[in-house]
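Engineer: Each residue of the sequence shown is one higher than the one before, starting from 23 at the first, in my numbering. For each residue, glycine too, the CB sits at the ideal point set by N, CA and C.
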Amino acid sequence: MTEASLAPRDVVGQVLVDLGEKDPDVVVLDADFGPCSRVAEFGERFPERFVQVGIAEQNMMGIAAGLATTGMKPFASAIAAFCSRRACDQVTTSIALANLNVKILAVYPGLFVGKNGASHQSLEDIGIMRSIANMAVVQPADAEEMKAILRYAATHVGPMYVRVGRDPVPVAVPEGYEFELGRSVQLRDGDDIALIAVGESVEDAMRAAESLAGRGVEARVINMSSIKPLDEEAVVRAAREIGRIVTVENHNILGGLGSAVCETVAERCPVPVRRIGVRDVFGKSGGNDEMKAHFGIDAPHIEKLALDFLKE
Numbered sequence: 023m024t025e026a027s028l029a030p031r032d033v034v035g036q037v038l039v040d041l042g043e044k045d046p047d048v049v050v051l052d053a054d055f056g057p058c059s060r061v062a063e064f065g066e067r068f069p070e071r072f073v074q075v076g077i078a079e080q081n082m083m084g085i086a087a088g089l090a091t092t093g094m095k096p097f098a099s100a101i102a103a104f105c106s107r108r109a110c111d112q113v114t115t116s117i118a119l120a121n122l123n124v125k126i127l128a129v130y131p132g133l134f135v136g137k138n139g140a141s142h143q144s145l146e147d148i149g150i151m152r153s154i155a156n157m158a159v160v161q162p163a164d165a166e167e168m169k170a171i172l173r174y175a176a177t178h179v180g181p182m183y184v185r186v187g188r189d190p191v192p193v194a195v196p197e198g199y200e201f202e203l204g205r206s207v208q209l210r211d212g213d214d215i216a217l218i219a220v221g222e223s224v225e226d227a228m229r230a231a232e233s234l235a236g237r238g239v240e241a242r243v244i245n246m247s248s249i250k251p252l253d254e255e256a257v258v259r260a261a262r263e264i265g266r267i268v269t270v271e272n273h274n275i276l277g278g279l280g281s282a283v284c285e286t287v288a289e290r291c292p293v294p295v296r297r298i299g300v301r302d303v304f305g306k307s308g309g310n311d312e313m314k315a316h317f318g319i320d321a322p323h324i325e326k327l328a329l330d331f332l333k334e
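1. What residue does the alpha helix (DSSP H) around residue 81 start on, and which one ends it?
2. Quick one: using the 10 Å Cβ neighbour count with 16 as the cut-off for buried, is residue 132 buried or exposed?
3. From the DSSP output, read off the bridge partner residues of residue 183.
4. For residue 277, which residues of its own chain have a beta-carbon under 8 Å away from its beta-carbon, when the five flanking residues on both sides are left out?
5. Taking just the CA atoms, how far does residue 216 sit from residue 207?
6. Could you check whether the segment 255-269 touches the segment 322-334, counting it as contact only if at least three pairs of C-beta atoms, one from each stretch, sit closer than 8 Å?
7. Would you identify the three-state DSSP class for residue 329, choosing helix, strand or coil?
8. Go ahead and pull the three-state DSSP assignment for residue 310.
9. Taking the straight line between their C-alpha atoms, what separation do you get for residue 237 and residue 311?
10. Answer with buried or exposed for residue 288, where buried requires no fewer than 16 other C-beta atoms within 10 angstroms of its C-beta.
11. Compute the Euclidean distance between the alpha carbons of residue 241 and residue 90, then round it to the nearest angstrom.
12. From the DSSP output, in three-state form, read off residue 57 for me.
13. Are the CB atoms of residue 172 and residue 50 nearer to each other than 9 Å?
Shown next as structure tokens:
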């Protein structure tokens, strides 16, 4: 894992422009968040293929669905909380039920929304979206994986929900990485404990693993960027080879990555699992480090839980 200064959202605009250059059917919709989501770059380059709907996320989903029925390839972008909670019915009925080719770019997922607080924090969006039939759910660990996911999304036929991180994180994926739906990336090998993380939590899982190594504990770290479909084989392999799994996510522990992993383990290879995430409460306003420490999803908390887990 190397240091970098780019946030996943910082590469969205240019990649969409590149896709638009190659494919005249690519169209982008924005709910008055373009400068922050970076999709405004696409609007500047292709104003005729950029739809500004204003603060009307529910309407945006209906428009995107309509465009998809004409053969266009819409990318609809808004704050994650409003893509999921606010527009849930439109996403379900207008997009997923008809299995339309709409890509939802959900920016500012989880706790990390600046200091906008609980109303803007999406701690339920993975649970909502992974429970909707036909919907794929993904989140990149870094800006490089964000590029790969967007390129993949342009070729994927069907609805996809993409969580787009707000803040800079280190590059985690290997050079030349290509995203594949339903596949995870093992970033570190180990046979004492498995840390399965998603999104910005991959950074903290890697830092915890590095610290654990100094204590003689070797942790396998898996970047589970494809949450639905889940890489069940990687989960089962970790269960069989290691026997202890910890999940880490910037989301409620109910319905998210932890739930998906537990469902797989329970059905295919029962082993103990511990879930790290927001424990069924609403968020608070604060900086990233404050949020991580308060809700126990930072590297020190991961390390402590892993050590306690190994003592059991």
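Structural biologist: Quick look at the numbers:
1. Residues 79-91.
2. When all chains shown are included, residue 132 counts as buried.
3. 126 and 159
4. In its chain, beyond the 5 residues on either side, 146, 148, 149, 150, 152 and 153 have a beta carbon closer than 8 Å to the beta carbon of residue 277.
5. CA-CA distance, residue 207 to residue 216, rounds to 13 Å.
6. yes
7. helix
8. helix
9. 24 Å
10. Exposed.
11. 44 Å
12. helix
13. no
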